[in-house]
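Asker: Heads up: the sequence shown begins at 0 in numbering that gives the first Met the number 0, then just goes up one per residue. Beta carbons: idealized from backbone N, C-alpha and C, even for Gly. Can you keep this structure in mind? I'll have questions shortly.
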Amino acid sequence: MKNLPQNARVVIIGGGVIGCSVAYHLTKLGWKDVVLLERKQLTSGTTWHAAGLIGQLRASSTMTKLAKYTADLYVGLEAETGIATGMREV
């Protein structure tokens, strides 16, 4: 484990899908002082056990747009990072 900084603008506890998403989006917004803490491997807890389905039709247009954004994000992450996400569109 790397040494932890003495100070950080934000510390995110938990490296599940939500913690990783918050860290990802903050850094995309230009935040540089972000620390993500996870006691095991990233996304190894309940996130890992989830089915991973991203249904795109929701009860409100706002939630439908959020689901579409999420699906598009997963498709683009592999190209952006070079790390396979395992995302398959059906």
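Can you name the start and end residues of the alpha helix (DSSP H) that Ile82 belongs to?
Answerer: First-last for Ile82: undefined, no H or E at that position.
Asker: List the DSSP bridge partners of Val10.
Answerer: According to DSSP, which records beta bridges pairwise, Val10 is partnered with Val34.
Asker: In whole angstroms, what separates the C-alpha of Glu79 from that of Thr26?
Answerer: Glu79 and Thr26: Cα-Cα distance of roughly 14 Å.
Asker: Could you tell me whether the stretch 28 to 36 touches the stretch 5 to 20, using the rule of 3 or more Cβ pairs below 8 Å?
Answerer: At 8 Å Cβ cutoff, the stretches touch.
Asker: In three-state terms, what does DSSP make of Leu65?
Answerer: Of the three classes helix, strand and coil, the one that applies to Leu65 here is helix, per DSSP.
Asker: When you compare only the Cα positions, how much space is there between Arg57 and Lys67?
Answerer: Straight-line Cα distance between these residues: approximately 10 Å.
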